[in-house]
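Read the structure below first, then the notes.
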Amino acid sequence: MTVLPALQAELASATNQLLATAASLSDADAAAPSLLPGWTRGHVLAHLARNADSYVNLLTWAKTGVRTPQYTSHEARRAGIDASATRPAARLLADVEDGAARFAAAVRDVPAHAWAAPVEGMRPPPHPAWYVLVRRLREVGIHHVDLAAGYGPADWPEPFVRRELHDLRLCWSREHSTVSEIVLREGAPDGGERAATWPGLGHGPAVTGTPRDMLAWLTGRSGGQGVSLLPAGQSHAPGPGGVDLPEPPPWLSMTAPAVLPATPPKDYP
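Residue numbering for the sequence shown follows full-length UniProt numbering, starting at 1 and increasing by one per position.
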């Protein structure tokens, strides 16, 4: 047994939630601004549809061994999104549904040995094909929040939060870091609190927060609510979260960790 069935089940659930949100949007809602500067909700939905097709390309590459780029170019990627973004809400919903269905079919069609095949997105590094499922989950989970239509970081499943923080740390760029240390606080089974520390991240202050609040801030999906500066020698920071925080470091400096198991692992992370 590998992690693939769990990732597929998680993606099916995340996709169904996304489609339910998309189905609730009127034409006016779809044309309204999203959380992404310069993008309407229609742009976000169009991106998610085209992103599904781009990952079908990577799975085709893995299955056939023939290099099949995720997108033919950055310009083609933008053009594909712009061409669909102004469609009526019902057509946008159908586009996302169809893209998700094509991706699910492509996943079912990948032979077991091909999940270890190396593929590559628009940016390095190459990664094994099984990680395409993780990347699609990232797109669906993060951009669902960007719709600003009732789904927020509080709705992210725990496995999603844990995995994204794991990969974010593996892809961390010390050169562009705005913090020196992260302390993740969460409740312990005995009713107390436990903490995980990420030291040596670069230059800047130390910050602390729950895993969910930290992921929302690090991905730019919150203003830092629940995240605080961590004064030296203290186990927690007083005062409201988000006060005097630096700008979050750049997110997704890499599309995948540089080192991943070649074959689908039993669990990830």
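Quick reminder that beta carbons are idealized off the backbone N, C-alpha and C, glycines included.
Asked: Outcome for V183 when other beta-carbon atoms lying within 10 angstroms are tallied against a minimum of 16; Found: buried
Asked: Outcome for T263 when other beta-carbon atoms lying within 10 angstroms are tallied against a minimum of 16; Found: exposed
Asked: Member of S177, A90, L137, Y131 whose CA lies at the smallest distance from the CA of P261; Found: Y131
Asked: Buried or exposed (CB count within 10 angstroms, at least 16 for buried), Q225; Found: exposed
Asked: Exposure of P111, with buried meaning 16 or more beta-carbon neighbours within 10 Å; Found: exposed
Asked: Nearest residue (CA-CA) to R135, options D244, V44, L48; Found: L48
Asked: Those residues which DSSP pairs with R194 across a bridge; Found: E186
Asked: For L35, three-class secondary structure by DSSP; Found: coil
Asked: Length of the line joining the Cα atoms of W217 and L229; Found: 13 Å
Asked: Sequence-distant residues of the same chain with beta carbon closer than 7 Å to P88, five excluded per side; Found: D27
Asked: For H203, three-class secondary structure by DSSP; Found: coil
Asked: Per-residue DSSP class, three states only, for V259; Found: coil
Asked: Three-state class that DSSP yields for S84 in the structure shown; Found: helix
Asked: Stretch pair the segment 139–149 + the segment 35–55: three plus CB contacts closer than 8 Å; Found: yes
Asked: Residues bridged to L230 [DSSP beta-bridge criterion]; Found: L230 is not bridged to any residue.
Asked: Inter-stretch contact at 8 Å, needing at least 3 Cβ pairs: the segment 64–83 / the segment 165–182; Found: no
Asked: Proximal residues to N51 (C-beta, below 6 Å), its chain only, five neighbours per side dropped; Found: E139
Asked: CB contact below 8 Å: R135 versus chain C; Found: Included in the structure is just one protein chain, with no chain C present.
Asked: Under the three-state DSSP convention, the category residue 310 falls into; Found: Given a span of 1 to 269 for the chain in the structure shown, any question on residue 310 remains unanswerable.
Asked: Which of helix, strand or coil DSSP assigns to T40; Found: strand
Asked: Coarse secondary structure for V119, derived from DSSP in three states; Found: strand
Asked: Cβ shell of D213 (< 6 Å), same chain only, five flanking positions each side left out; Found: G226, V227
Asked: Own chain residues within Cβ distance below 7 Å of W198, not counting five before or after; Found: R169, E181, I182
Asked: Segment limits, alpha helix (DSSP H) that includes V140; Found: 131–146
Asked: Between the CA atoms of A258 and S173 - distance to the nearest angstrom; Found: 12 Å
Asked: Identity of the residues DSSP links to P128 by a beta bridge; Found: P118
Asked: Counterpart residues of H181 in DSSP-defined beta bridges; Found: Here residue 181 is Glu; the residue named in the question, His, does not match the sequence. Paired residues: A206.
Asked: For V3, the three-state DSSP class (helix, strand or coil); Found: coil
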